[in-house]
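Quick notes on the structure that follows.
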Amino acid sequence: MDGIPHFMVSAAIATALFPVYGWWSGLALVGGWAVDFDHYMFYVLFFRDLDPLNALRYFKGTDRIMPTFCLFHTVEFIALVTVVSFISIPLFIFSLSLVIHVFLDIFYDWRIAKSGLERFSVLVYGISIFLAVSRKNR
Ligand SMILES: [Zn+2]
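Below you can see the structure in the form of structure tokens.
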């Protein structure tokens, strides 16, 4: 999903939370929008290229080599942040916005992009890459 819908939803969450939590509600923009930075991290690690414009072109294009793995979108990361969010208001705001972000991504991947959901779990992604490599080596 593009960054604009994520930004708009995150800004709405931040605005709704602002009367209660003040400037901490700005963390909704981090959890709901800036968290897509992990796409860039994947691109840099996989392609050894720091150019953000190349990364944007890669994710906008249809020539992707493999499914993108996004650490901050995984159920394992979300579970960790959710547990920690019970002891911290800033982390609660971050994790609330992150959960909504990932639900939007899952809905987009499943209903619109018709792509697999393996990128949302470290375990499932690892198994799918292992199976793809072992099938290729037969
Ligand atoms: Zn995302």
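In my numbering, the protein residues as written are 1107 to 1244. Note that CB positions come from ideal geometry on N, CA and C, so glycine has one too. Owing to the predicted nature of the structure, the values given are computational and were not obtained by experimental measurement.
Check: What three-state label does DSSP hand Ser1227 in the structure shown?
Finding: coil
Next item on the list: Alpha carbon to alpha carbon, how far is Val1230 from Leu1202? Give it in angstroms, no decimals.
Entry: 23 Å
Notebook entry, point to check: Can Asp1142 be considered in contact with ligand 1, in the sense that its beta carbon sits closer than 7 Å to one or more heavy atoms?
Noted result: yes
Notebook entry, point to check: Hey, would you say Phe1148 sits closer than 8 Å to Phe1183, going by beta carbons?
Noted result: No, these two residues do not count as a Cβ contact at 8 Å.
Notebook entry, point to check: Can you find a C-beta in chain C that's less than 8 Å from the C-beta of Ile1235?
Noted result: Of the protein chains in the structure, only one exists, and it is not chain C.
Margin query: To the nearest angstrom, how far is the alpha carbon of Val1187 from that of Val1208?
Written below: 13 Å
Check: Where does Ser1194 sit, in a helix, a strand or coil, going by DSSP?
Finding: coil
Note to self: Just to confirm before moving on: does the CB-CB distance between Thr1180 and Ser1227 stay below 8 Å?
What the structure shows: yes
Item checked: Candidates Trp1130, Asp1142, Phe1124, of which the one nearest Pro1111 by Cα -> Asp1142
Notebook entry, point to check: Closer than 7 Å: is that where the CB of Met1107 sits relative to any heavy atom of ligand 1?
Noted result: Yes, since a heavy atom of ligand 1 falls inside the 7 Å radius drawn around the Cβ of Met1107.
Checklist line | Alpha-carbon spacing of Gly1132 relative to Met1107, whole angstroms | finding: Using only the alpha carbons, I get a separation of about 21 Å.
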